[in-house]
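Counting in this note's numbering, the sequence shown runs from 6 upward without gaps.
Every residue gets a Cβ at the ideal spot worked out from N, C-alpha and C, and that includes glycine.
Following: one structure in structure tokens, then a few remarks.
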Amino acid sequence: MITREHPDYQKNISEIKLLPPFSIIYQIQLKSDDKLSANSSEEKFLKLKEKVLLQEFDEKKIFVKYYSSENNVYQYNQGERNVNLSADKVQSINSQLLLFGTDEFGRDIFSRLIFGARISVFIGMMAVIISLLLGLILGYIASTGSTILSWLLNRLTDLFLSFPSIFLVILVLALFGNNLLSVIVVLGFSGWMSLYKIVSSEVASVKQKDFFITSQKIGLSSSELLIREIIPVIIIPVTVNLVFQFSNVILAESALSFLGLGTGNEFPSWGSMIEKGQEYITDAWWMIFIPGIVLVLTLLSFHNIAKEVNKFFNPNIS
């Protein structure tokens, strides 16, 4: 809805690459060749080629920085060549604003940022759901199970917390590949420890309260105790932690993409855009500056959301 242009769509590289923000280019749409028969093998081949390549390249569209028109002839530059194009071959000419400029392949940076946001949000949501399920289940088991089981889960959590998770993530992705599914699973399994600590400590604390002991004595079942007494207590700290966890996952995914261990070339990523921008930092500063600013603003936004949620449920906290 925000951008209709495919993030990998390449324009005329010689003319449109490395354009600064707020540049205006012109799109010359050529007419279709009506001489070909609709059932001819050549026409079928062209239609098949359009279906395969149209998202990344379209031979019937010419992108130029400027053009001139004289005597029904359009003139524009193609690299170092001056090209003349008859007006009979042109269907339309439209202008396009490049809000954030283009990269080294003439691709619209704004479109790539939007598609990169979709991937980051999707990875963040899926990874947080995995962390939430692990943290809730293991935390509840540790606080309601046997002493030995609780001790084992606590030691396992301490082991994960003592080892930098980024090294574990890099090791697993290097061994099993860096596709979208593996990134989600690895980030989800590396972020459950804080939720486990919250759930286990809150449930253990609730079990010592008078209202919980009274509820047990009047004969409430385990499911009723969970729904009525435990969930209302843990939902606030868990919600706040989830928002922080979401921003941490987005940062981790960007860091992995920056190191070349993210979703690969299959999807655009903010981290990979920043990594590519390093090569052109002197000639095209916007390639690294704009994705970096978007990433920082996104992380700060979720951080402030988590703080406001915490203040809303705990107004006494300054």
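{"Query": "Status (buried if at least 16 other CB within 10 Å, exposed otherwise) for K291", "Result": "Sequence check: residue 291 is Trp here, not Lys. Classification of W291: buried, given that the 10 Å Cβ count is 16 or more."}
{"Query": "Beta-carbon proximity check, L143 vs L164, cutoff 9 Å", "Result": "no"}
{"Query": "Beta-carbon proximity list for R233, same chain, < 6 Å, skipping 5 on both sides", "Result": "none"}
{"Query": "DSSP state of K345 mapped onto helix, strand, coil", "Result": "Beyond the ends of the chain as shown, which are 6 and 323, falls residue 345; an answer cannot be given."}
{"Query": "At least three beta-carbon pairs within less than 8 Å, the segment 272-282 to the segment 191-208", "Result": "no"}
{"Query": "Simplified DSSP state of Y79, which is helix, strand or coil", "Result": "strand"}
{"Query": "R160 (DSSP reduced to helix, strand or coil)", "Result": "helix"}
{"Query": "Distance CB(L231)-CB(V174) smaller than 9 Å", "Result": "no"}
{"Query": "S187, enclosing alpha helix (DSSP H) - first and last residue", "Result": "185-194"}
{"Query": "Three-state secondary structure assigned by DSSP to Q213", "Result": "coil"}
{"Query": "Assigned exposure category for A147 - 16 Cβ within 10 Å defines buried", "Result": "buried"}
{"Query": "Rounded separation between T244 and S28 - CA only", "Result": "43 Å"}
{"Query": "Supposed close pair I295, F105 - CB separation, criterion 8 Å", "Result": "5 Å"}
{"Query": "Length of the line joining the Cα atoms of L24 and S210", "Result": "59 Å"}
{"Query": "Cβ neighbours of Q96 in the same chain (closer than 7 Å, five flanking residues each side left out)", "Result": "Q34, L35, K36"}
{"Query": "Beta carbon of I30 nearer than 9 Å to that of S100", "Result": "yes"}
{"Query": "Neighbourhood of L58 by C-beta distance below 6 Å, restricted to the same chain and skipping five residues each side", "Result": "Because the pLDDT of L58 is 48, which lies under 50, any placement of that residue in the model is unreliable, and the number read from its coordinates should be weighed accordingly. Cβ neighbours of L58 beyond the five flanking positions: none."}
{"Query": "Per-residue burial, Q213 [other beta carbons within 10 Å of its own, 16 or more giving buried]", "Result": "exposed"}
{"Query": "Collapsed DSSP secondary structure at S277 in the structure displayed", "Result": "helix"}
{"Query": "Touch test, the segment 119-135 against the segment 247-264, Cβ-Cβ under 8 Å, three pairs minimum", "Result": "yes"}
{"Query": "Collapsed DSSP secondary structure at I223 in the structure displayed", "Result": "coil"}
{"Query": "Alpha carbon of M130 to alpha carbon of F251, nearest angstrom", "Result": "7 Å"}
{"Query": "F216 burial status per 10 Å Cβ neighbour count (16 or more: buried)", "Result": "exposed"}
{"Query": "Element boundaries [beta strand (DSSP E), containing Y31]", "Result": "28-35"}
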